[in-house]
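Presented below is the structure to which this report refers.
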Amino acid sequence: MLKVEIYRYNPDTDKAPYMKTYEFDTQGKDLMVLDVLEQLKAQDESLAYRRSCREGVCGSDGMNINGKNGLACIKPLSECVKNNKLILRPLPGLPVIRDLVVDMTQFYDQYKKIEPYLQNDTPAPAIERLQSPEDREKLDGLYECILCACCSTACPSFWWNPDKFIGPAGLLQAYRFLADSRDLATEKRLSNLDDPFSVFRCHGIQACVAVCPKGLNPTRAIGHIRNMLLQSAT
Amino acid sequence: MASIRTISFDGIVIGGGGAGMRAALQLAQSGYKTAVITKVFPTRSHTVSAQGGITCAIASADPQDDWRWHMYDTVKGSDYIGDQDAIEYMCSVGPEAVFELEHMGLPFSRTDEGRIYQRPFGGQSKDFGKGGQAARTCAAADRTGHALLHTLYQGNIKSNTVFLNEWFAVDLVKNADGAVVGVIAINIEDGETVYVKAKATVIATGGAGRIYASTTNAHINTGDGVGMALRAGFPVQDIEMWQFHPTGIAGAGTLVTEGCRGEGGYLINKNGERFMERYAPNAKDLAGRDVVARSMVLEILAGNGCGPEGDHVLLKLDHLGEEVLESRLPGICELSRTFAHVDPVKEPIPVVPTCHYMMGGIPTNINGQALTQHAEGIDTVIDGLFACGEAACVSVHGANRLGGNSLLDLVVFGRAAGLYIEKTLREGIEQRNATPADIDRAMARLNKLNTSTTGESAAVLRKELQTIMQNYFGVFRKGEFMQLGIQKLAELRKRIENVAITDKSNAFNTARIEALELQNLLEVAEATAIAAEVRKESRGAHARDDFEDRDDVNWLCHSLFFPGDKRVTKRAVNFKPHTMEAFEPMKRTY
Amino acid sequence: MVTSITSFGRSGLYDWLIQRVGAAVMAAYTIFITIYLMTNPELTFEQWHALFGQLWMRVFSLVTLLSFISHAWIGLWAVLTDYLTVRLMGNKATILRIFAQMMLGGVAITYLVWGIEIIWGFN
Amino acid sequence: MNAKKAQYFILCGGFSFVFLYSTLYNAARLARRFNHRAQILFRFSLILVLTSLNLPAMGYKVILTVNKKRPVNLDLTTINLPITGFVSFFHRMTGIFLFAGMAALLWMLDSSLDSQESFAAVRDASANPICKLILWVVLAGLAYHMVAGIRHLIMDFGIGESLKGGQIGAKIALVTAIILIALIGVWIW
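So the sequence lines, in the order shown, correspond to chains A, B, C and D. Be aware that the first sequence starts at 334, since it is given in the numbering used here, and climbs by one per residue. Be aware that the second sequence starts at 64, since it is given in the numbering used here, and climbs by one per residue. Be aware that the third sequence starts at 26, since it is given in the numbering used here, and climbs by one per residue. Be aware that the fourth sequence starts at 13, since it is given in the numbering used here, and climbs by one per residue.
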């Protein structure tokens, strides 16, 4: 029997969070962590977590699985269970609403701060704006972000300053627009980032890269932003 | 007595997926006070899972491409019960809507000329079926839905749309005149129930694929909008038409895009034979989805299935080479490795037809206005209610949707609904009021659930519901089985109406939400079952063993299911496009 | 854009660059001294004194000292604004942080004055 | 309902000691009353205390409260830090430590340049086993901080930013630092 320890907290009834242990029979199958949660919820409906697509593209079920952030729906037990134990905790650093559900307001606010939309005031053509395959390729590894917050909540700099440091997810998107040949707001975007917190709290810890379920690399994107800042300032 | 908080908007959109956000964007841009009520954060909506692309004649892959060819394909794909005025509108306005998305920033893949990359999809032809396979599906690698949904969310951030994120819409508020004047919604975070009042209410809640046990749909696809409409007494159209996508990963149900076959992949049986050559000699693996799905089931039933159980076939991609797969289908490679434990670069993917899309829904006109029918069979607009996207049935998909047309449907008709509401708001429609009794009526279901003491749990009942639907209303259907299924559903209804929750806490109570969702699933399932039994023919996705042929004499029409007396009536299909001659029904071969 | 009046150069980029340049200078100085000490195992006071009596060595030492102070300020300021925050400690954090920053400044100035005294103070 | 009270071991708790120490030191220096050897022992032992004060901070536990209502999951003992994270964390720790250690290095420089006698005192002090140990600790901190810093500089040029690259870089930095620290030990003894 697999021992599943889950972080429980219900503000209506609990004074403080606690760990609850469940026994779970995997029947020898290499289930995804989300499958385990779904079956546990069928027995204990008070268990709260988010989930939607169950295939790793919607970013709902980011959580801390045996110490490492990841998406429950695409994390097989064989990759995370140690000593027959599955330990599930909410994403670190964000306020817990209930059980595995965290309040992501600060995370979304940082995303909004980078003005995550294409800015181009020139009159739009009757067809699409042309973009070469090479220019389009620059967006690969950036636009795929699913906003699951695994990276930002693995980042110590984001733990300490979630209101000031944009965090890996937001910065990856900042660079997604800086890198887009169709976006013309580069200068404004850069000047909004040149303070000691927004970008420069990144110390290259790479916790973000280690946990990203989509295999993206915010550290590299942040490096590119820094280079762009450097180029525009020297 | 209703004593709940009321908040007011000009327009509210229920559902934060592609259609909902496109409608909201249109309204918010025009300065009207717009709110999106969405039970998940918008980018978690199921649109995010769309892979292959958005089909539209933007004439990139072929400069000669014509939206009329696309219209022809769509009419034919619908097995001739798609409304031709709506299809004409979608195909002709499509390019504009797609270019708007590109201008908003959608990161489409590109051709060498810098234009949007288009790939071939099933059911696509040139020159009204006479010019061979077309490539008309605009793609952002195999993550088009994700790219589209995020772009729309970004556009809404720019336009300052109000998002009521993680709010669950429970039931429509209908006043004495039969007009819809808003919705009752729960703020999931703290459990507060609010009356959200609006001059226009748009249902954009997507599909209900979760009525089936095996589905490509997300957990959240529970048909909440259709359930609400049915409970409010409004009819649904063509709800028996459920698309089974040919390539769901066997066991997991995860979707593998048709784009795989568009890029040159094909299906093989246990003998390694490319069996689609037998079923559709011309289009082969790129025949309509209904045709491919049925052929696969026939192969499996004939004992040609793969695996120890012989219960699936294989999708072969390895011959395309690693480079093509990693650049054009990176997401598929990822999903296949995760869910099928198969690397498509080396081995074929085990696939099986899986419930994918609800062609039916709330009937609307091309302005997104929801329709009902008078006793004499005349269409009437439901005041204050709109629908778009998968929840609606305009109907552009008829009995079978073509790949890539769902994304086009949702942007074109999300936009159209937004434009129309904008216009009526500009002309000045007054805010109709609801009496406390109206609100109480809309609260009844929630109140019952909140005070329930005895009853079964949602998880158990949901499983039973899904099993019934899977067994009696799947790829192939048969009258006597369906009647049995309908009986079982009727018994299940009593139990589901009495579903109970033991957890009655306020903060993020997902048990309460799941119980409410289950009741929506039941509404959709029952409508599906009854309409499917009534339609005594095989057309598009609706394939009956006991009526194997299409019956244009009796059934070249929409079905309308009325929830009150569970009656099914017929509604005429529109054969009057505005700019051209209608496409007359023909034998549908690929 | 997050405003900050206590960071070294108020611009993240400027701070970042100063810290890197300073690091490079300090690394060079450390390597130089290490090599010097290793190649002169029987170092006498006179040799050592003469080395530091040369103008270039004094300038090199001074630049290193300045590098150290700016490098340390930027680094420790980041440490203080990471941990001594209202978010972590409540409102008392602001007062604590300002106090710590003043202390930090005091020590930095002490180091600076003392360092200059050492480098330029002897004959 | 009362939210759980925040417990918080501050990493930089040692700071106040740094300041206290430097103030004391400067007072002592100005007075010039201590004999050199006693001074050295006094200061080096202070540095040792400071280092050990920083050690518990490595396993420190933070439980945050926000709005005094919602708990936050930030029990650092339950969160895996990748190797790159450890390299970065020790970089910060040694940085803090070196800010104090610099006083000792400056003192050595000062004394070594001041006069023949004070130069000799520095030499004598570094013959004392305890002083040797302390000097080794300071230089080890310096060596580690420098190696990790150079890794940072290399990464600023875009090298070793991938997941694999970062981890390899971190391992190289750790191994290099350990070798250097060992060599410094050999050199001192």
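Quick reminder that beta carbons are idealized off the backbone N, C-alpha and C, glycines included.
Query	Result
Using a 10 Å radius around the Cβ and a threshold of 16 neighbouring Cβ atoms, would you call residue 636(B) buried or exposed?	buried
Using DSSP's beta-bridge definition, name the partner residues of residue 443(B).	435(B)
What residues in the region 67 to 82 of chain C have a beta carbon less than 8 Å from any beta carbon of chain D?	70, 73, 74, 77
CA-CA distance, residue 96(D) and residue 126(C)?	29 Å
Given that a residue counts as buried once 16 or more other Cβ atoms are within 10 Å of its Cβ, and exposed if not, what is residue 200(D)?	exposed
Going along the chain, which unbroken runs of the alpha helix (DSSP H) with 4 or more residues stay wholly within the region 319 to 399 of chain B?	322 to 325, 339 to 342, 352 to 362, 385 to 391, 393 to 398
Roughly how many angstroms separate the alpha carbons of residue 383(B) and residue 433(B), rounded to a whole number?	45 Å
In angstroms, rounded to a whole number, what distance separates the CA positions of residue 400(B) and residue 111(C)?	45 Å
May I ask you to report which of helix, strand or coil DSSP gives residue 138(B)?	helix
Out of curiosity, what's the CA-to-CA distance linking residue 24(C) and residue 101(D)?	Here chain C covers residues 26 to 148 and nothing more, so residue 24(C) does not appear.
To which residues of the same chain is residue 94(C) closer than 7 Å at the C-beta, ignoring the five residues directly before and after it?	133, 136, 137
Starting from residue 305(B), trace the beta strand (DSSP E) in both directions and tell me its first and last residue.	305 to 312
Are the region 516 to 536 of chain B and the region 550 to 565 of chain B in contact at 8 Å, needing three or more beta carbon pairs?	yes
Nearest CA to the CA of residue 159(B): which residue from 136(B), 149(B), 121(B), 175(B)?	121(B)
If we call anything under 8 Å between Cβ atoms a contact, is residue 549(A) one with residue 505(A)?	yes
At a CB distance below 8 Å, what residues from the region 500 to 522 of chain A approach chain D? Give them in sequence order.	none
Measure the alpha-carbon distance for residue 122(C) versus residue 201(B) and round it to whole angstroms.	55 Å
Would you please state the rounded distance, in angstroms, between the beta carbons of residue 414(B) and residue 319(B)? I believe it to be under 8 Å.	6 Å
Determine the chain A residues that contact residue 570(B) at a beta-carbon separation under 7 Å, and present them in chain order.	343, 344, 345, 430, 431
Determine the DSSP secondary structure at residue 230(B), reduced to helix, strand or coil.	strand
Measure from the alpha carbon of residue 61(C) to the alpha carbon of each residue in 50(C), 144(C), 77(C), 49(C), then state which is nearest.	77(C)
Roughly how many whole angstroms lie between the Cα atoms of residue 144(C) and residue 148(D)?	24 Å
Checking 8 Å against the spacing of the C-beta atoms, do residue 639(B) and residue 147(B) come in under that value?	yes
For the candidate residues 384(A), 564(A), 488(A), 362(A), whose alpha-carbon lies nearest to that of residue 371(A)?	384(A)
Hey, could you find the ends of the alpha helix (DSSP H) residue 485(A) is sitting in?	Segment: none, residue 485(A) is in no alpha helix (DSSP H) and carries neither H nor E.
Can you say whether residue 115(D) is buried or exposed, counting buried as having 16 or more other CB atoms within 10 angstroms of its CB?	buried
Pick helix, strand or coil for residue 121(B), following the three-state DSSP scheme.	coil
Leaving out five residues on either side along the sequence, give the residues of the same chain with a beta carbon under 6 Å from the beta carbon of residue 98(B).	72, 75, 225, 227
Grab me the residues of residue 429(B)'s own chain with a C-beta within less than 7 Å of its C-beta, minus the 5 sequence neighbours each way, in chain order.	148, 149, 152, 457, 479
In chain order, what residues of the same chain have a beta carbon less than 6 Å from the beta carbon of residue 181(D), not counting five sequence neighbours either side?	163, 172
Taking contact to mean 3 or more Cβ pairs, one atom from each stretch, closer than 8 Å, check whether the region 149 to 157 of chain D and the region 106 to 121 of chain D are in contact.	yes
For the candidate residues 79(C), 85(C), 117(C), whose alpha-carbon lies nearest to that of residue 57(C)?	85(C)
Please go through the same chain and pick out, in chain order, the residues whose beta-carbon is closer than 8 Å to the beta-carbon of residue 559(B), but skip the five residues on each side of it.	524, 528, 581, 582, 585
So which residues on chain B does residue 457(A) lean against when the C-beta distance must stay under 7 Å?	166
Pick helix, strand or coil for residue 20(D), following the three-state DSSP scheme.	Any answer about residue 20(D) is weak, because its pLDDT of 33 lies below 50 and its placement is not dependable; what the coordinates show is given next. It is a strand residue.
Based on the DSSP secondary-structure assignment, which residues constitute the bridge partners of residue 643(B)?	According to DSSP, residue 643(B) bridges with nothing at all.
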